[in-house]
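S.K.: Take this structure first; my questions come after.
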Amino acid sequence: MKIIIARGAVERCSLPVYNLITLSGIHQGVFGVPYLLQLPIELRDLITKYAYETAIQNVISPANYWRDPEQLDRYYSNCHYLPDINNERGTPNGIYRENILKLNSFVMTYSDRDEVVMPRQSGLFMGYIKNSLEIETWNNSRQFTEDLIGLRTLWEQGKLFTFVSHVKHQDVTHEPNKEFLFQNIFPFFNNTM
4 MKIIIARGAV ERCSLPVYNL ITLSGIHQGV FGVPYLLQLP IELRDLITKY
54 AYETAIQNVI SPANYWRDPE QLDRYYSNCH YLPDINNERG TPNGIYRENI
104 LKLNSFVMTY SDRDEVVMPR QSGLFMGYIK NSLEIETWNN SRQFTEDLIG
154 LRTLWEQGKL FTFVSHVKHQ DVTHEPNKEF LFQNIFPFFN NTM
């Protein structure tokens, strides 16, 4: 959640941010979180059924980035946060795009061993295709083809960087991921890039 809050702040607040670095983010939302499999199916069905209800959206933060491929129309119309900062509703907010395009670099990662974020590739703006659990590649997604927040423009300008790590979610910023971070991420902390 922290990652989409940071990106939302960059988009909405015109902050002077040089590089935006997101590690195992949820840019394209989550659906089917593995830990929910431990719950009885009836309870999982309730979560899916009511995720887009206003009362749930107002009190349960994960509902604000829950992206059910079977209910994308409800996601677009009722989900309070993610469709807004992804510019997926109605007329896109030009300020969001302008502010993202001010970045020198937008760095995105996901981990192919993540057991929390599903789909794992959400960290690279990849999500499930409508009515399917098949992953849509980000360059074929509406987010990229319509350049809703400027991803395609950043890509064309050589300012969008994507990486894949190989650790569990809780290890993304810790010792097991140290070599990956030093090799791929830390160079972006040098503001002269």
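Note that the working numbering has the sequence shown beginning at 4, numbered continuously upward. In this text, a Cβ means the ideal position worked out from N, Cα and C, and glycines have one as well.
With a CB to CB cut of under 7 Å and the five nearest residues on each side skipped, what residues in its chain are close to residue 172?
M.R.: Answer for residue 172: 27, 114, 117, 118, 119, 120, listed in chain order.
S.K.: If I follow the unbroken beta strand (DSSP E) through residue 17, where does it start and stop?
M.R.: It is not in any beta strand (DSSP E) - residue 17 carries neither H nor E in the DSSP assignment.
S.K.: Got a sec, what are the start and stop residues for the alpha helix (DSSP H) residue 88 sits in?
M.R.: Note, residue 88: alpha helix (DSSP H), 85 to 88.
S.K.: Write down the C-beta distance between residue 128 and residue 154 rounded to the nearest angstrom, noting that I regard them as a contact closer than 8 Å.
M.R.: So it is a contact: roughly 6 Å between Cβ atoms.
S.K.: Considering only the alpha carbon of each residue, which of 106, 140, 136 lies closest to residue 17?
M.R.: Checking every option, the nearest Cα to that of residue 17 belongs to 106.
S.K.: Per DSSP, what kind of secondary structure is residue 148 in: helix, strand or coil?
M.R.: Note: residue 148 maps to helix in three-state DSSP.
S.K.: If you draw a straight line from the alpha carbon of residue 143 to that of residue 89, how long is it in whole angstroms?
M.R.: Rounded to the nearest angstrom, the two C-alpha atoms are 15 Å apart.
S.K.: When the Cα of residue 61 is compared with those of 22, 82, 5, which residue comes out closest?
M.R.: Closest option to residue 61, Cα to Cα, is 82.
S.K.: For residue 188, which residues of its own chain have a beta-carbon under 8 Å away from its beta-carbon, when the five flanking residues on both sides are left out?
M.R.: So the qualifying residues of the chain are 24, 26, 110, 112, 166.
S.K.: The alpha helix (DSSP H) that contains residue 80, what's its start and end?
M.R.: Where residue 80 is concerned, the enclosing alpha helix (DSSP H) stretches over 75 to 81.
S.K.: Look at the Cβ atom of residue 183, then the Cβ atom of residue 168, and state whether they are nearer than 7 Å.
M.R.: Cβ atoms of residue 183 and residue 168: closer than 7 Å.
S.K.: How is the beta strand (DSSP E) around residue 113 delimited, first residue to last?
M.R.: Start and end: 108 to 114.
S.K.: Measure from the alpha carbon of residue 122 to the alpha carbon of each residue in 9, 21, 13, 31, then state which is nearest.
M.R.: The shortest Cα separation from residue 122 among 9, 21, 13, 31 belongs to 31.
S.K.: Per DSSP, residue 24 is paired with what?
M.R.: According to DSSP, which records beta bridges pairwise, residue 24 is partnered with 110.
S.K.: Alpha helix (DSSP H) containing residue 46: first to last residue?
M.R.: Looking at the DSSP string, the run of the alpha helix (DSSP H) that includes residue 46 is 44 to 53.
S.K.: Here's the rule I'm using: 16 or more other beta-carbon atoms within 10 Å means buried, otherwise exposed. How should residue 66 be labelled?
M.R.: Burial call: buried.
S.K.: Thinking just about the alpha-carbon of each residue, which of 76, 159, 72 is nearest to the one in residue 139?
M.R.: Minimum Cα distance to residue 139 is reached at 72.
S.K.: Would you report the Cα separation of residue 152 and residue 133, rounded to the nearest angstrom?
M.R.: Rounded to the nearest angstrom, the two C-alpha atoms are 20 Å apart.
S.K.: Could you check what DSSP says for residue 10 in three-state terms: helix, strand or coil?
M.R.: Correct three-state label for residue 10: helix.
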